[in-house]
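Only one structure is covered here, and it is reproduced in the block below.
Residue numbers (my numbering): 55 to 185.
Here is the structure:
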């Protein structure tokens, strides 16, 4: 695996097979991100972030070590999908709720319902009455 900044793995998803490979999401704590958040007075993820890992499906003689997404042959950080398989969206959709609860500590403390959104055209936000 490519060496990332020092981190502590908090959670890994169950692998999803895409073609001849398996992919998983890894949620980790990165102390350097936490330091940046403290320095910029941003307190959102507490130094937590996600990344993808992949490995070939099991067959005789194949290496089974997980590899960083940046080692994917068509990886390109300038692309929206980073050059990774577009089917990774299925993995994200499957695990999005779990990932969000890990990354957003203050969100997990909430009841799970968003506060009501005010209408753009309300004249008095306190009453919610339209003009």
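Beta carbons are placed, not taken as given, at the ideal position from N, Cα and C, and that holds for glycine. This structure is a prediction, so every number in the text was calculated from the model and none was measured.
Residue 126 vs residue 107 beta-carbon contact at 7 angstroms: Your numbering for residue 126 matches position 72 in the chain shown. Your numbering for residue 107 matches position 53 in the chain shown. Going by C-beta atoms, residue 126 is not nearer than 7 angstroms to residue 107.
Whole-number beta carbon distance between residue 82 and residue 63, since they are thought to touch under 8 angstroms: Taking the first residue of the chain shown as 1, we reach residue 63 at position 9. Taking the first residue of the chain shown as 1, we reach residue 82 at position 28. Yes, residue 63 and residue 82 are in contact; Cβ-Cβ is about 5 angstroms, under 8 angstroms.
Residue 77 beta carbon less than 7 angstroms from that of residue 157: If you number the chain shown from 1, residue 157 lands on position 103. If you number the chain shown from 1, residue 77 lands on position 23. No, they are not a contact pair.
Same chain, Cβ closer than 6 angstroms to residue 230, neighbours up to 5 away in sequence not counted: Limits of the chain in this structure are 55 at one end and 185 at the other, which puts residue 230 out of reach.
Residue 139 versus residue 84: straight-line alpha-carbon distance, rounded: Reading the chain shown from its first residue, position 85 is the one you call residue 139. Reading the chain shown from its first residue, position 30 is the one you call residue 84. Approximately 25 angstroms between the Cα atoms of the pair.
Opening and closing residue of the beta strand (DSSP E) in which residue 126 lies: The residue you call residue 126 lines up with position 72 of the chain shown. No residue range can be given for residue 126, since it is assigned to no beta strand (DSSP E) and is classified by DSSP as neither H nor E.
Nearest to residue 116 (by Cα), restricted to the options 75, 65 and 66: Reading the chain shown from its first residue, position 62 is the one you call residue 116. Comparing Cα-Cα distances from residue 116 to each of 75, 65 and 66, the minimum goes to 75.
Check whether residue 104 and residue 153 have beta carbons under 7 angstroms apart: The residue you call residue 104 lines up with position 50 of the chain shown. The residue you call residue 153 lines up with position 99 of the chain shown. For residue 104 and residue 153, yes; Cβs fall inside 7 angstroms.
Pairwise C-alpha distance: residue 102 and residue 112: The sequence position of residue 112 within the chain shown is 58, counting from 1. The sequence position of residue 102 within the chain shown is 48, counting from 1. If you draw a straight line from the Cα of residue 112 to the Cα of residue 102, it comes to about 30 angstroms.
Residue 110 versus residue 100 - alpha carbon distance: For this step, residue 110 is matched to residue 56 along the chain shown. For this step, residue 100 is matched to residue 46 along the chain shown. Counting only the Cα atoms, residue 100 lies some 32 angstroms from residue 110.
Same chain, Cβ closer than 8 angstroms to residue 130, neighbours up to 5 away in sequence not counted: Along the chain shown, one-based indexing puts residue 130 at 76. Here the set comprises 136 and 137.
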